[in-house]
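There are 2 protein chains.
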Amino acid sequence: MDYSKFIQEQIEEIRNEVGDGIAINAVSGGVDSSVVTVLAHRALGPRLRTIFVDNALMREGEPHLVVQGFAGIGIPVELVDARREFLDALKGLTDPELKRQAITDTFYRDVFVTEVRRSGAKCLLHGTILTDIEETVAGIKRQHNILSQLGIDTSEAYGYKVIEPLKTLRKDGVRELARQLGLPDSIARRIPFPGPALATRIVGDVTAERLATVRAATAIVEAELADTGAFQYFAVLLGDHATGIRGGRREFGQIIVVRCIDSVDAREASVRELPWELLHRLSQRITQIPGVNRCLYDLTPKPPATVEYV
Amino acid sequence: MDYSKFIQEQIEEIRNEVGDGIAINAVSGGVDSSVVTVLAHRALGPRLRTIFVDNALMREGEPHLVVQGFAGIGIPVELVDARREFLDALKGLTDPELKRQAITDTFYRDVFVTEVRRSGAKCLLHGTILTDIEETVAGIKRQHNILSQLGIDTSEAYGYKVIEPLKTLRKDGVRELARQLGLPDSIARRIPFPGPALATRIVGDVTAERLATVRAATAIVEAELADTGAFQYFAVLLGDHATGIRGGRREFGQIIVVRCIDSVDAREASVRELPWELLHRLSQRITQIPGVNRCLYDLTPKPPATVEYV
Chain A
1 MDYSKFIQEQ IEEIRNEVGD GIAINAVSGG VDSSVVTVLA HRALGPRLRT
51 IFVDNALMRE GEPHLVVQGF AGIGIPVELV DARREFLDAL KGLTDPELKR
101 QAITDTFYRD VFVTEVRRSG AKCLLHGTIL TDIEETVAGI KRQHNILSQL
151 GIDTSEAYGY KVIEPLKTLR KDGVRELARQ LGLPDSIARR IPFPGPALAT
201 RIVGDVTAER LATVRAATAI VEAELADTGA FQYFAVLLGD HATGIRGGRR
251 EFGQIIVVRC IDSVDAREAS VRELPWELLH RLSQRITQIP GVNRCLYDLT
301 PKPPATVEYV
Chain B
311 MDYSKFIQEQ IEEIRNEVGD GIAINAVSGG VDSSVVTVLA HRALGPRLRT
361 IFVDNALMRE GEPHLVVQGF AGIGIPVELV DARREFLDAL KGLTDPELKR
411 QAITDTFYRD VFVTEVRRSG AKCLLHGTIL TDIEETVAGI KRQHNILSQL
461 GIDTSEAYGY KVIEPLKTLR KDGVRELARQ LGLPDSIARR IPFPGPALAT
511 RIVGDVTAER LATVRAATAI VEAELADTGA FQYFAVLLGD HATGIRGGRR
561 EFGQIIVVRC IDSVDAREAS VRELPWELLH RLSQRITQIP GVNRCLYDLT
611 PKPPATVEYV
């Protein structure tokens, strides 16, 4: 595939669609939304408004890293603090579908729609990729139709346009595009991180305290496994507790699962055979997080498991 | 240590204590209670009554294997079917301490006490070992005083005697004793299996259906790991569920943890570094159990984890 031709075509397409209006997009720091941001910024310059929503579900230091990263390549990103809205929406939910729905609804119908209206934009840019569309059709993922998610009836919503520049690419194509666009490796090679963020890494209740636990475990896993070159690696906080013993006394602690997989495009995944020295070190560091006394390694490929737990 | 002298002393001690009366004991098939059964049978012959309580929590085929195993060495064991009593007592319990308490109470105060009274025995034999006593004193295990557990006030219960022939030995000593007594390796080298049996291998609700799931996983783990020579290996069914994908459709499945440890006497334990080929095969077989779509390997030594989860 000729990526420089593809880039030129998408830039022209975005210019044609947006005309002399304003466009808006949300960047998560993931490779899909980051590539869309760069393409749209090249097409529109200051007529693009890009926001980063802090949903309380991000990894350690992530909101500022993303904003600073884009500032470094001359693209302004506005930080929208919506932590309270998301934590309130997740309160008491344990069912994965309800959690994902609450996050989607809070993002689109509450936070993003407010920003869209405030911006005056009639064009929304979205990082949908081919795998998203295929998995939606197959009933594996929820539908990703952004206008319905915004609560906008497409038949009545004359004037709103959605632009999805990456909808013909898979993850590996997007990565190559990121390199061609000159995005730093920290973005082009960034391991996939799901939209619902750390909420997909918590089985059971999502609270500020439990987010802090899985955030600490995630930082350890990412630091220890960065050199593996694996497709994806992360920590999951289970809802279960198990007995343990510390200082000679019985305790009832939380359980962290480490998952590390190899994959081309996340449609199938195999388990990485990590060295035992590394597995022991992960277990040793993770069980030092307050309240955690078990560390497990996920042995399941996709299928029959999915990559995420929620 | 001179095991043949120890055996002779214990046999004489049992004869002295029981006199011309009747004694009763419960055998679980574990090495401790099996050794006590053989010692007491040598001491008392037909004046020993040995029961095996089927508590619905045993492994595949275990009740009949134990009864037949002892029949093979000339020791009659009576099978007491108490499955309904135990499942009823466990209904709705998820707290580990409450589950253990329900099993202890059902065993001692309901099932065993009935058998003791019916037998006319005034002597009870019990497989307490030194580690049990130490861990009770340290507050790690619940107390094991069999008369209190039977609801018998020791000060009023003149006439009841408890005999604990193994109370000066640790697990390795009991194993050696088993060999000296000519017990088959299937008992002498049998990996430790806790009193509350498969209920300690289920986090959350203990039901007949969930017992069937962990029983199937246990059979796979025991078959695959029998040749490892590890101290203990088993499967645990978690209470959590995780997303999966089968036949192209999203599903919500159960999670099995495999634990395999090395230890001398269970006071401390390290994680066995199993070959990856074996780990993959375990995962592949375990995720074929209906309703199970994840398989995890426990990376945590004791401490900070305990051997069991419940």
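The listed protein sequences correspond, in order, to chains A and B.
When we follow our numbering, the leftmost residue of the first sequence carries the number 1, and every step to the right adds one.
When we follow our numbering, the leftmost residue of the second sequence carries the number 311, and every step to the right adds one.
All residues carry an ideal CB built from backbone N, CA and C; glycine is no exception.
Cross-chain neighbours of residue i in chain A, by beta carbon under 7 Å
i: L589(B); result: L299
i: T553(B); result: P96, T306, E308, Y309 and V310
Beta-bridge partners of residue i, as assigned by DSSP
i: D364(B); result: D391(B)
i: F252(A); result: T243(A)
i: A336(B); result: I361(B)
i: Y233(A); result: C260(A)
i: L434(B); result: I334(B) and V472(B)
i: I202(A); result: L237(A)
Per-residue contacts from residue i into chain A (C-beta, under 9 Å)
i: I604(B); result: Residue 604(B) is actually Arg in this sequence, not Ile. Neighbours of R604(B) on chain A, chain order: V257, D298, L299, T300, P304, A305 and Y309.
i: E583(B); result: W276, L279 and H280
i: A448(B); result: G248 and R249
Span separating the alpha-carbon of residue i from that of residue j
i: P406(B); j: R511(B); result: 10 Å
i: H624(B); j: T538(B); result: Nothing can be reported for residue 624(B): it is not among the residues displayed for chain B, which extend from 311 to 620.
i: A392(B); j: E445(B); result: 29 Å
i: I129(A); j: E164(A); result: 8 Å
i: V67(A); j: R559(B); result: 37 Å
i: R215(A); j: T287(A); result: 14 Å
i: L93(A); j: R189(A); result: 33 Å
i: R419(B); j: A412(B); result: 10 Å
i: L90(A); j: V310(A); result: 13 Å
i: D575(B); j: V387(B); result: 28 Å
i: E395(B); j: F362(B); result: 15 Å
i: L299(A); j: L535(B); result: 16 Å
i: Q10(A); j: V18(A); result: 12 Å
i: K161(A); j: L508(B); result: 58 Å
i: G182(A); j: S33(A); result: 15 Å
i: D132(A); j: I14(A); result: 21 Å
i: E273(A); j: V203(A); result: 24 Å
i: Q254(A); j: R357(B); result: 49 Å
i: S4(A); j: L166(A); result: 14 Å
i: V174(A); j: F562(B); result: 30 Å
i: T622(B); j: E209(A); result: An answer regarding residue 622(B) cannot be provided, because it is not within the stretch 311 to 620 covered by chain B.
i: F544(B); j: R428(B); result: 36 Å
i: P611(B); j: V113(A); result: 49 Å
i: S186(A); j: P192(A); result: 12 Å
i: S573(B); j: K481(B); result: 11 Å
i: H374(B); j: A522(B); result: 17 Å
i: I73(A); j: R42(A); result: 12 Å
i: G69(A); j: A178(A); result: 14 Å
i: L39(A); j: I7(A); result: 7 Å
i: D312(B); j: Q490(B); result: 10 Å
i: V256(B); j: I75(A); result: Since the first residue shown for chain B is 311 and the last is 620, residue 256(B) is missing from the structure and cannot be characterised.
i: T414(B); j: R285(A); result: 36 Å
i: L606(B); j: E425(B); result: 41 Å
Chain A contact residues for residue i, given Cβ-Cβ distances below 8 Å
i: L400(B); result: Near L400(B) there are no residues of chain A at all, since even the closest Cβ is about 17 Å away, more than 8 Å.
Proximal chain B residues relative to residue i, where beta-carbon distance stays under 7 Å
i: S283(A); result: L609 and T610
i: G291(A); result: Within chain B, no residue comes near G291(A); the closest Cβ sits about 11 Å away, beyond 7 Å.
i: V203(A); result: D550 and A552
Contacts that residue i makes with chain B (C-beta to C-beta distance below 8 Å)
i: G195(A); result: Per Cβ cutoff of 8 Å: no residues; G195(A) is ~15 Å from chain B at best.
i: T287(A); result: T610, P614 and A615
Proximity test, Cβ basis, 9 Å: residue i and chain C
i: F562(B); result: This model lacks chain C altogether; the protein chains it does include are A and B.
>> With three or more beta-carbon pairs closer than 8 Å as the criterion, would you say the stretch 427 to 438 of chain B touches the stretch 332 to 346 of chain B?
In response: Judged by Cβ distances under 8 Å, the stretch 427 to 438 of chain B makes contact with the stretch 332 to 346 of chain B, as three or more pairs qualify.
> Within the chosen definition, does the stretch 554 to 561 of chain B reach the stretch 299 to 310 of chain A through at least 3 CB pairs nearer than 8 Å?
Replying inline: yes
> What are the complete beta strand (DSSP E) segments, minimum 3 residues, inside the stretch 256 to 304 of chain A?
Replying inline: 292 to 298
>> Would you call the stretch 338 to 357 of chain B in contact with the stretch 366 to 385 of chain B, where contact means no fewer than 3 C-beta pairs closer than 8 Å?
In response: yes
>> Quick test of the definition: if touching needs 3 or more C-beta pairs under 8 Å, does the stretch 209 to 224 of chain A touch the stretch 583 to 599 of chain B?
In response: no
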